[in-house]
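Undergrad: Numbering (UniProt numbering), first residue to last: 1 to 378. Heads up, the beta-carbon is just placed ideally off N, CA and C, and yes, glycines get one too.
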Ligand code: FNR
């Protein structure tokens with residue numbers, strides 16, 4: 001049964017990738033309850049159908065941080081994107097730029113900032129984790145600035161990694177994980193050729209550039225494991241606020257009080273997110289957390305939201321719940337793994353079509369017309 005483009009691409013990605021990589025993308029924390037609710041809570045939201053309102057002219061464009069977007073969608077930062085398709089960050093960034101929306105580069109990308117930025121004709125966004133190695137953070141910020149990045153996404157919901165049992169089962173983590181990964185890669189020669197794991201340059205661009213040497217997956221996992229910083233507080237972010245001149249977005253907000261603190265701190269935006277259900281299982285889905293956050297801070301800063309968005313209809317639902325724009329994670333990653341840049345371009349076209357249908361049949365001519373009034377109240 002066809003449910004959505006991202007469902008079909010998920011299946012194609014499952015067939016193409018070695019199991020450990022597919023499950024790394026697809027999985028979440030603990031029993032994956034929050035992961036599932038991200039999707040089911042969104043699809044449970046009913047919209048009011050409106051008819052006979054002359055919907056011949058629709059405008060999906062939106063303004064975010066002095067940028068015009070062709071639609072209110074941004075590609076989320078996803079670590080190791082270059083493992084799912086050859087030079088995957090470049091392919092995804094190109095598809096996003098061609099569609100007129102931003103691509104966000106993860107701290108832990110395979111392609112370095114300097115490789116991706118010149119390949120696209122709009123500034124990409126850059127995501128930074130809070131890490132103990134502040135030298136790395138400063139170096140990454142300087143390089144992002146030099147590459148023309150203006151918008152910084154600061155991810156704060158990973159002071160410690162979530163327990164992802166699927167990764168332990170699949171061989172992505174745990175003892176001898178590296179050996180198991182290599183064996184699986186050999187069993188999937190087409191994939192190994194695609195991402196260049198076997199032989200051709202394979203390193204983690206942003207981290208290798210800082211370390212001054214190629215960094216394989218094992219070095220990276222060791223480095224990252226030692227670098228999570230549980231002591232982090234708002235105070236630690238002040239130097240970044242002072243250092244970074246462009247818009248700064250705090251990603252990983254799920255509570256109205258934290259959203260108010262982000263306003264006090266002077267953030268330009270937040271991402272209402274539970275990291276796609278990959279951190280704390282049992283927290284609210286983004287769809288359920290969003291309305292109270294929007295009540296608390298709407299108008300004080302830009303509200304972005306992610307986690308569980310699989311269709312253009314879901315984009316409309318998230319905006320009706322209070323977001324100004326959304327981020328896509330797995331939806332675009334499945335398409336990238338399945339079909340590279342062409343897959344991501346096709347996925348974004350399908351999202352746009354689904355948004356258009358939803359807007360025509362809910363009577364929203366512009367993104368600003370998508371409001372809580374559109375929701376059927378239980
Ligand atoms: C992520 N996410 C993430 N977030 C971040 O800030 N930095 C990162 O490096 C990563 N890495 C990452 C890897 C993978 C494989 C996934 C699936 C996700 C979280 C991501 O930005 C986003 O918040 C979620 O993916 C949104 O949920 P959906 O759309 O995947 O359900």
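Can you determine whether any heavy atom of the ligand FNR sits closer than 8 Å to the C-beta of residue 33, and answer yes or no?
TA: No, the ligand FNR has no heavy atom inside 8 Å of this Cβ.
Undergrad: What are the start and end residues of the alpha helix (DSSP H) that includes residue 22?
TA: 19 to 26 is the span of the alpha helix (DSSP H), which, as asked, contains residue 22.
Undergrad: Is the number of C-beta pairs between the stretch 251 to 258 and the stretch 4 to 22 that are closer than 8 Å three or more?
TA: They do not touch, by the three-pair rule.
Undergrad: Can you find the residues in the same chain that come closer than 7 Å, C-beta to C-beta, to residue 340, ignoring five residues on each side of it along the sequence?
TA: Excluding positions up to five away in sequence, the list reads 85 and 91.
Undergrad: So, for residue 345: in the same chain, excluding its five sequence neighbours on each side, which residues have a beta-carbon less than 8 Å away from its beta-carbon?
TA: For residue 345, where only same-chain residues beyond five positions count, the Cβ hits under 8 Å are 95, 98 and 99.
Undergrad: Does the distance between the C-beta of residue 145 and the nearest non-hydrogen atom of the ligand FNR fall short of 8 Å?
TA: Every heavy atom of the ligand FNR is 8 Å or more from the Cβ of residue 145, so no.
Undergrad: What residue from 361, 324 and 208 has the CA that sits closest to residue 68's CA?
TA: Closest by alpha carbon: 324.
Undergrad: Starting from the N-terminal side, write out each stretch of the beta strand (DSSP E) that is 3 residues or longer and does not extend beyond the stretch 26 to 70.
TA: Listed in chain order, they are 62 to 64 and 67 to 69.
Undergrad: Run through the stretch 244 to 330 for me and flag every whole alpha helix (DSSP H) of 4 or more residues, listed as ranges in chain order.
TA: Correct list: 256 to 265, 286 to 297 and 312 to 320.
Undergrad: Could you tell me whether any non-hydrogen atom of the ligand FNR is closer than 8 Å to the CB of residue 247?
TA: Residue 247 Cβ: outside cutoff for every heavy atom of the ligand FNR.
Undergrad: Between the Cα of residue 165 and those of 54, 329 and 25, spot the shortest distance and give me the residue it belongs to.
TA: It is 25.
Undergrad: Considering only their Cβ atoms, is the gap separating residue 276 from residue 38 smaller than 9 Å?
TA: Yes, these two residues count as a Cβ contact at 9 Å.
Undergrad: Flag this pair as yes or no: are the beta carbons of residue 365 and residue 47 separated by less than 9 Å?
TA: Taking 9 Å as the Cβ cut-off, residue 365 and residue 47 do not qualify as a contacting pair.
Undergrad: Pick from 332, 338, 309 and 337: whose alpha carbon is nearest that of residue 347?
TA: The shortest Cα separation from residue 347 among 332, 338, 309 and 337 belongs to 332.
Undergrad: Quick one: Cα of residue 359 to Cα of residue 136, how far?
TA: Taking the straight line from one Cα to the other gives about 44 Å.
Undergrad: Which residues bound the beta strand (DSSP E) around residue 127?
TA: Element bounds for residue 127: 125 to 129.
Undergrad: Within 10 angstroms of the Cβ of residue 357, are there 16 or more other Cβ atoms? Answer buried if so, exposed if not.
TA: Exposed is the call here.
Undergrad: CA-CA distance, residue 368 and residue 60?
TA: When rounded, the distance between both Cα atoms is 9 Å.
Undergrad: Just tell me which of 173, 133, 343 and 138 has its CA closest to the CA of residue 242.
TA: Closest by alpha carbon: 138.
Undergrad: Where do the ends of the beta strand (DSSP E) carrying residue 155 lie?
TA: Unbroken beta strand (DSSP E) run through residue 155: 152 to 155.
Undergrad: Would you kindly work out how many angstroms separate the C-alpha atoms of residue 152 and residue 125, rounded to a whole number?
TA: Cα-Cα distance, rounded: 6 Å.
Undergrad: Using DSSP bridges, identify the partner residues of residue 105.
TA: In the DSSP output, where bridge partners are listed per residue, residue 105 has 126.
Undergrad: Since I believe residue 253 is in contact with residue 271 (beta carbons under 8 Å), could you give me their beta-carbon distance rounded to a whole number of angstroms?
TA: Confirmed, Cβ separation roughly 7 Å.
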